[in-house]
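Colleague: Supplied in structure tokens, the structure appears directly below.
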Amino acid sequence: MLRSNSRPRLRLAAAGLALCAGLATAGPALAARSAPAGHLAPVTAAHGPTTFVVGNTDAVDTLNPFNGFTSQDFEVYGLIYDNLMDYGQLDYSGAPRLATSWSHSKDGLTWTYHIRKGVKWSDGVPLTAADVAYTFQRNIQPNSTEFADNEAYVGQITSAVATGPYTVVMKVRHYSPVMNRLIVPILPEHIWKNVSEKQLASFANNNPVGSGPFIVSSFSANQSITLKANPGYWGGKPGIKTLVFQRFDNPTAEKLALANGSIDFAEDLTPALWQSLKGTPGVKLINAPAGNFDELAFNNGAATVDNKPIGNGNPALTDINVRHAISYAINTSELVKKVLLGTGSPGTSVIPPIYAQFHYTPPASATYHYDPARASAILTADGWKLGPNGIRVKDGKQLTLRLFVRNQSPEQEQDAPYIVGWLKAVGIGVTTTSMSDSQLTADIGNGQYDMFMWGWGVEPNPDFQLSTFTCGQRSTGSAPNYTPGWSDSFYCDPAYDKLYSQQQGLDGAARAAVVKQMQQMLYLDDNYSLLYYWNDTQAYRSDLFTGFAPQPNQPNGLYLYQEVSWWSYRCIRPAGTSPSLTEHNIGCEHEIGAVTAATTSGVNGGLIGGIVAAVIVVALAGVLIARRRKTATADERE
Amino acid sequence: MSVILDGARSSGLARTLAVKVVSAVVTLFFVLVCNFFLFRVLPADPAKNLTHNSALTASQLAAINRTFGLGLPLPRQFWNYLVQTFHGNLGRSFVNQLPVAQLIGQALWPTILLVGSATVLSTVIGIWIGIRGGWNRGGRFDKTSTAFVNVLYAMPDFWLGMVLLIAFAGSALRLFPDGGMHNFTGGSTGLAGVADVLWHLALPGLVLTLVYLAEYSLVMRSSLIDELKADYLLTARAKGLRDDLVRRRHAVPNALLPSVTLIMLNLGFVISGAITTETVFSWPGLGRLSYVALNAPDYPTLEGCFLLFSAAVILANLIGDLLLTVFDPRVRQA
Numbered sequence: 000m001l002r003s004n005s006r007p008r009l010r011l012a013a014a015g016l017a018l019c020a021g022l023a024t025a026g027p028a029l030a031a032r033s034a035p036a037g038h039l040a041p042v043t044a045a046h047g048p049t050t051f052v053v054g055n056t057d058a059v060d061t062l063n064p065f066n067g068f069t070s071q072d073f074e075v076y077g078l079i080y081d082n083l084m085d086y087g088q089l090d091y092s093g094a095p096r097l098a099t100s101w102s103h104s105k106d107g108l109t110w111t112y113h114i115r116k117g118v119k120w121s122d123g124v125p126l127t128a129a130d131v132a133y134t135f136q137r138n139i140q141p142n143s144t145e146f147a148d149n150e151a152y153v154g155q156i157t158s159a160v161a162t163g164p165y166t167v168v169m170k171v172r173h174y175s176p177v178m179n180r181l182i183v184p185i186l187p188e189h190i191w192k193n194v195s196e197k198q199l200a201s202f203a204n205n206n207p208v209g210s211g212p213f214i215v216s217s218f219s220a221n222q223s224i225t226l227k228a229n230p231g232y233w234g235g236k237p238g239i240k241t242l243v244f245q246r247f248d249n250p251t252a253e254k255l256a257l258a259n260g261s262i263d264f265a266e267d268l269t270p271a272l273w274q275s276l277k278g279t280p281g282v283k284l285i286n287a288p289a290g291n292f293d294e295l296a297f298n299n300g301a302a303t304v305d306n307k308p309i310g311n312g313n314p315a316l317t318d319i320n321v322r323h324a325i326s327y328a329i330n331t332s333e334l335v336k337k338v339l340l341g342t343g344s345p346g347t348s349v350i351p352p353i354y355a356q357f358h359y360t361p362p363a364s365a366t367y368h369y370d371p372a373r374a375s376a377i378l379t380a381d382g383w384k385l386g387p388n389g390i391r392v393k394d395g396k397q398l399t400l401r402l403f404v405r406n407q408s409p410e411q412e413q414d415a416p417y418i419v420g421w422l423k424a425v426g427i428g429v430t431t432t433s434m435s436d437s438q439l440t441a442d443i444g445n446g447q448y449d450m451f452m453w454g455w456g457v458e459p460n461p462d463f464q465l466s467t468f469t470c471g472q473r474s475t476g477s478a479p480n481y482t483p484g485w486s487d488s489f490y491c492d493p494a495y496d497k498l499y500s501q502q503q504g505l506d507g508a509a510r511a512a513v514v515k516q517m518q519q520m521l522y523l524d525d526n527y528s529l530l531y532y533w534n535d536t537q538a539y540r541s542d543l544f545t546g547f548a549p550q551p552n553q554p555n556g557l558y559l560y561q562e563v564s565w566w567s568y569r570c571i572r573p574a575g576t577s578p579s580l581t582e583h584n585i586g587c588e589h590e591i592g593a594v595t596a597a598t599t600s601g602v603n604g605g606l607i608g609g610i611v612a613a614v615i616v617v618a619l620a621g622v623l624i625a626r627r628r629k630t631a632t633a634d635e636r637e
Numbered sequence: 000m001s002v003i004l005d006g007a008r009s010s011g012l013a014r015t016l017a018v019k020v021v022s023a024v025v026t027l028f029f030v031l032v033c034n035f036f037l038f039r040v041l042p043a044d045p046a047k048n049l050t051h052n053s054a055l056t057a058s059q060l061a062a063i064n065r066t067f068g069l070g071l072p073l074p075r076q077f078w079n080y081l082v083q084t085f086h087g088n089l090g091r092s093f094v095n096q097l098p099v100a101q102l103i104g105q106a107l108w109p110t111i112l113l114v115g116s117a118t119v120l121s122t123v124i125g126i127w128i129g130i131r132g133g134w135n136r137g138g139r140f141d142k143t144s145t146a147f148v149n150v151l152y153a154m155p156d157f158w159l160g161m162v163l164l165i166a167f168a169g170s171a172l173r174l175f176p177d178g179g180m181h182n183f184t185g186g187s188t189g190l191a192g193v194a195d196v197l198w199h200l201a202l203p204g205l206v207l208t209l210v211y212l213a214e215y216s217l218v219m220r221s222s223l224i225d226e227l228k229a230d231y232l233l234t235a236r237a238k239g240l241r242d243d244l245v246r247r248r249h250a251v252p253n254a255l256l257p258s259v260t261l262i263m264l265n266l267g268f269v270i271s272g273a274i275t276t277e278t279v280f281s282w283p284g285l286g287r288l289s290y291v292a293l294n295a296p297d298y299p300t301l302e303g304c305f306l307l308f309s310a311a312v313i314l315a316n317l318i319g320d321l322l323l324t325v326f327d328p329r330v331r332q333a
């Protein structure tokens with residue numbers, strides 16, 4: 000789904016978040032490591048030591064990847080099936096998986112992929128280039144709605160042919176950097192050729208044949224799924240034997256389960272619950288920046304793709320000075336502190352900082368830091384005079400704006416009163432209305448709004464996010480119900496569109512430069528006022544398990560539920576065991592052990608203080624007891 | 000209360016029954032109509048849910064929406080809806096494209112198990128408390144049980160659920176599971192499987208039983224107290240019947256009527272489940288299904304759930320009406 004649909008933490012319906020969920024650079028490096036507390040109060044796993052149980056507020060509802068929707072669905076598909084390629088653990092560049100290497104012709108229109116040899120499907124049938132070609136052919140069938148999920152990867156492909164047992168050649172309409180990052184799960188032709196497009200909706204695929212590191216052992220739709228390690232996995236046998244995903248509708252129950260050792264990893268806790276785990280023996284907290292942001296969006300002048308103005312947006316917002324003033328009037332650090340409880344960082348540009356090579360950081364002088372005096376000055380210079388009721392007036396019109404808030408987002412409902420207060424302080428009146436997501440989507444499509452709050456989950460490939468600001472994504476159709484495009488600010492600048500097309504034909508540093516330039520344009524034009532990048536708060540039993548491969552590779556990288564990536568699962572192993580060479584999997588060379596040894600930053604200062612204090616108390620007590628004993632013995636001797 | 004069916008009366012009874020059945024069917028049809036138009040008023044765009052972050056063109060998105068039968072003229076959509084519903088096809092979920100009938104089928108039995116067993120338990124226990132307390136009004140049992148039951152009656156089920164969860168499942172004791180319906184290690188079949196489900200059922204079942212029994216007990220108590228002053232009880236006692244028999248044979252059967260009505264009304268709501276309790280204990284039932292569908296929003300699934308919930312209430316009311324017609328001569332003659 001385009002939108003980070005629900006509460007930041009509760010990715011309930013935020014479907015494609017598996018595909019678009021993200022990481023961000025250092026937010027406040029809060030990765031509070033709990034004490035090495037397994038020693039203080041040993042907890043035994045309720046299950047065996049080689050079974051790793053993940054709790055989440057979301058569950059797998061179908062094992063048919065054509066039908067999957069939730070982030071949990073995609074988390075499991077990436078373990079059952081191998082993608083052609085992966086996003087690299089270190090920098091999100093294209094990394095080999097089933098494709099070991101690839102190259103393209105000089106004109107960039109023909110791409111050759113070399114497929115890994117010796118890979119077998121879980122039913123023993125060898126995996127060949129024919130399976131890869133079949134998967135892509137199925138994805139690119141004209142007039143088919145199959146695999147709409149993969150459109151972002153296969154949209155430019157016109158043909159896919161196996162030219163040898165381990166070689167696939169694809170033709171494309173135009174050169175695309177996406178061909179270096181084909182994160183498409185490869186399906187076995189001998190299974191799926193028997194499932195027609197019509198049969199797809201009812202095909203349960205409850206015993207999926209895959210080539211991935213795990214195999215489905217038992218599956219209970221919407222409740223839990225148990226996976227067994229694939230002993231013959233080409234990348235090495237995983238370090239755990241059993242992997243379980245268990246659903247919790249009640250995040251408090253999930254938190255309790257982690258604290259008492261019923262589960263080993265907790266995903267999707269609310270910031271408050273996550274914080275309450277601090278100091279729990281044996282539990283380590285990860286405050287991982289992700290590819291998400293929430294924004295205050297403005298109606299920059301709603302219009303259809305053919306430039307016909309629509310809706311009833313307040314024209315004051317088409318004045319860039321008013322938008323600037325609003326950006327200066329909002330204290331984003333305060334929102335991070337009060338609403339996110341520190342699990343995020345103030346927002347600037349639309350590609351989150353975890354995608355370091357693409358993220359644009361505005362220079363300090365140009366950043367919209369909190370400065371109400373400056374906001375007032377901008378408005379006064381723009382001709383907005385303070386009226387008797389504290390609301391500014393220009394040409395007889397009051398500066399009062401509507402703010403729409405999503406009733407499905409507790410965080411945004413908390414943001415609203417702060418924002419209303421800050422804008423009031425600089426003379427901007429705000430009326431807030433809370434509404435459902437579908438109502439808001441319709442209102443946006445019709446241009447009937449001034450401002451609203453929502454968020455996006457940004458994929459490692461910035462293309463889609465950037466496309467939402469192009470002129471062609473504005474509404475289409477006719478009154479009274481226009482068809483909304485992806486644009487929700489009605490930003491339209493031909494120069495921006497030109498850069499957008501340009502980056503589609505580039506890769507590497509050249510593309511990154513254009514992507515940054517586009518973000519700079521958006522930032523200076525202030526079509527959105529970014530509020531914050533919200534983190535993914537995770538926690539796990541560090542006394543029981545180790546070996547995670549975070550992405551990006553840093554102590555507060557995402558441990559699981561990575562951005563369209565699955566690096567940790569093959570590497571997790573019971574604590575206290577070392578990876579044997581034969582078990583050491585491809586991709587596990589960057590596991591967290593190496594990182595924590597190198598850096599101790601991110602350790603909670605208070606916690607260290609507490610531990611030091613405890614050590615001192617224990618030492619003092621020991622000395623006292625020793626002295627008493629000595630005295631006692633001395634007494635007895637007498 | 001012997002029922003003598005002579006010719007005239009039986010035709011009267013048959014007519015009463017027929018009228019009730021027909022009116023239930025008509026009500027159901029109105030529900031069907033409301034259900035359809037209610038959801039057509041809301042904005043719906045499943046294509047955007049299903050395509051994730053793909054920059055599809057407007058015509059591609061419209062093509063996907065057409066596969067859900069959207070975009071057709073409204074009367075045509077309504078006709079398709081009626082025909083498909085009568086064939087048991089409730090459409091496909093906007094979210095995961097699975098048939099709604101299948102989603103409901105998966106969630107139906109867990110809810111019937113949880114809410115059904117809680118209803119049976121709470122009915123039996125609640126009515127027993129009501130009879131015992133009402134018969135000896137003002138006695139020690141009555142005072143204690145009324146106070147206890149009033150507290151339960153006022154208690155929100157999600158709150159009670161959280162307290163029990165933290166006390167019994169959350170602590171290191173792990174007496175009961177943290178939620179769900181099966182142990183994830185799965186594979187337990189036969190007796191072990193049944194025991195596993197019962198173990199998971201214990202806490203949510205207890206919560207619902209405690210919360211439901213309050214209502215039954217209070218209603219039973221007050222209707223029994225109403226009967227206490229009735230002349231026929233005096234007559235019964237005058238005939239020399241033991242107090243026990245007076246209660247069992249005369250007072251209770253008459254006082255039960257309001258409780259039967261209440262039980263039948265509540266039975267209708269069994270399958271709409273207990274959304275909050277199911278959520279607290281991650282119970283994979285219909286309440287949870289409709290909650291998630293509402294969040295998505297997944298209109299076909301919601302439509303299917305609403306239809307089922309309404310049909311269940313209508314059916315339970317019909318059965319309740321019919322039972323009363325058979326058992327209470329006054330209703331039959333009215």
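For the record, the sequence lines run as chains A and B. Per numbering that gives the first Met the number 0, the very first residue in the first sequence carries number 0; after that it's consecutive. Per numbering that gives the first Met the number 0, the very first residue in the second sequence carries number 0; after that it's consecutive. Built from N, CA and C at the ideal position, the CB exists for glycine as well.
Any heavy atom of the ligand SAM within a distance shorter than 8 Å of the CB on B:Ala17?
Modeller: Here there are no bound small molecules, and the ligand SAM is not part of this structure.
Colleague: What's the C-alpha gap between A:Asp487 and B:Ala292?
Modeller: Whole-angstrom Cα-Cα distance: 24 Å.
Colleague: Look at A:Tyr532 and A:Asn291 and say whether their C-beta atoms are less than 9 Å apart.
Modeller: Result yes, Cβ atoms of A:Tyr532 and A:Asn291 sit closer than 9 Å.
Colleague: Is B:Arg287 close to chain A, meaning its C-beta is less than 9 Å from at least one C-beta of that chain?
Modeller: Yes, its Cβ sits closer than 9 Å to a Cβ of chain A.
Colleague: So, for B:Phe305: in the same chain, excluding its five sequence neighbours on each side, which residues have a beta-carbon less than 7 Å away from its beta-carbon?
Modeller: The answer, listed in chain order, is Asn34.
Colleague: So what does DSSP say about B:Ser271, is it helix, strand or coil?
Modeller: In this structure, B:Ser271 counts as coil in the three-state DSSP scheme.
Colleague: Return the residue from the list B:Leu164, B:Met263 and B:Tyr152 that minimises the CA-CA distance to B:Val210.
Modeller: The option with the nearest alpha carbon to B:Val210 is B:Tyr152.
Colleague: Counting only beta-carbon separations shorter than 9 Å, does A:Leu199 have a partner in chain B?
Modeller: Chain B, which has a Cβ nearer than 9 Å to the Cβ of A:Leu199, makes this yes.
Colleague: Tell me which residues share the same chain as A:Gln155 and place their Cβ nearer than 8 Å to its Cβ, disregarding the 5 neighbours each side in the sequence.
Modeller: Contacts found: Val171, Arg172, His173, Ser175, Val177 and Met178.
Colleague: Taking three-plus beta-carbon pairs below 8 Å as touching, is the region 278 to 285 of chain B in contact with the region 79 to 99 of chain B?
Modeller: Touching, no, given that fewer than three Cβ pairs across the two stretches are closer than 8 Å.
Colleague: Which partner residues does B:Met337 have in the DSSP bridge list?
Modeller: This structure does not reach residue 337 of chain B, given that chain B is present from 0 up to 333, and the question cannot be answered.
Colleague: Whether or not the region 186 to 195 of chain B and the region 116 to 127 of chain B are in contact is what I'm after, with contact meaning three or more pairs of Cβ atoms, one per stretch, closer than 8 Å; do they touch?
Modeller: Because the criterion of three Cβ pairs below 8 Å is not met, the region 116 to 127 of chain B and the region 186 to 195 of chain B do not touch.
Colleague: What did DSSP end up calling A:Phe544 once you bin it into helix, strand or coil?
Modeller: A:Phe544 falls in the strand class under three-state DSSP.
Colleague: Can you grab the Cα-Cα spacing for the pair B:Phe29 / A:Val124, in whole Å?
Modeller: C-alpha separation (whole angstroms): 55 Å.
Colleague: Can you pull the chain B neighbours of A:Ser261, defined as C-beta to C-beta under 9 Å?
Modeller: Residues of chain B passing the Cβ test: Ala168, Arg173, Pro176 and Asp177.
Colleague: Is A:Gln657 close to chain B? Criterion is C-beta to C-beta, closer than 9 Å.
Modeller: Here chain A comprises residues numbered 0 to 637, so residue 657 of chain A is not present and cannot be evaluated.
Colleague: Just how far apart, CA to CA, sit A:Ala424 and A:Ala372?
Modeller: So the two alpha carbons sit approximately 10 Å from each other.
Colleague: Can you tell me whether A:Pro479 is buried or exposed? The criterion is at least 16 other CB atoms within 10 Å of its CB, across all chains shown.
Modeller: With fewer than 16 other Cβ atoms within 10 Å, it is exposed.
Colleague: Could you compute how far the alpha carbon of A:Ser261 sits from the alpha carbon of B:Asn182?
Modeller: Their backbone Cα atoms lie some 11 Å apart in a straight line.
Colleague: Let me see if you follow: with CB-CB separation under 9 Å, is B:Phe280 close to chain A or not?
Modeller: Closer than 9 Å: yes.
Colleague: Measuring straight from C-alpha to C-alpha, what distance separates B:Val24 and B:Tyr215?
Modeller: Rounded to whole angstroms, B:Val24 to B:Tyr215 spans 29 Å at the Cα level.
Colleague: Counting Cβ pairs, one atom from each stretch, are 3 or more of them under 8 Å apart for the region 211 to 223 of chain A and the region 58 to 65 of chain A?
Modeller: Touching, yes.
Colleague: Where in the region 304 to 381 of chain A do unbroken runs of the alpha helix (DSSP H), each at least 4 residues long, occur, reported from the N-terminal end onward?
Modeller: Counting only runs of 4 or more, we get 319 to 328, 331 to 337 and 371 to 380.
Colleague: Quick check: the Cα distance between B:Ser309 and B:Arg75, rounded to an integer number of angstroms?
Modeller: Approximately 24 Å between the Cα atoms of the pair.
Colleague: Do we get a CB-CB distance below 9 Å when we pair A:Asn82 with the residues of chain B?
Modeller: No, no contact with chain B.
Colleague: Note the first and the last residue of the continuous beta strand (DSSP E) segment covering A:Trp453.
Modeller: Where A:Trp453 is concerned, the enclosing beta strand (DSSP E) stretches over Met450 to Gly456.
Colleague: Helix, strand or coil: how does DSSP classify B:Tyr211 here?
Modeller: B:Tyr211 falls in the helix class under three-state DSSP.
Colleague: List the residues of chain A whose Cβ lies closer than 7 Å to the Cβ of B:Gln96, in chain order.
Modeller: Residues of chain A passing the Cβ test: Asn66 and Ala200.
Colleague: So, at 7 Å on beta carbons, what are the nonlocal neighbours of B:Leu159 in its own chain, with the 5 sequence-adjacent residues on each side left out?
Modeller: For B:Leu159, where only same-chain residues beyond five positions count, the Cβ hits under 7 Å are Val206, Leu209 and Val210.
Colleague: For B:Ile274, I'd like the list of residues in its chain whose CB is within less than 6 Å of its CB, leaving aside the five on either flank, ordered along the chain.
Modeller: Gly286 and Tyr290, listed in sequence order.
Colleague: Just confirm the distance between the C-beta atoms of A:Met452 and A:Arg510, as a whole number of angstroms; I'd bet it's less than 8 Å.
Modeller: Rounded, the Cβ-Cβ distance is 31 Å, inconsistent with contact.
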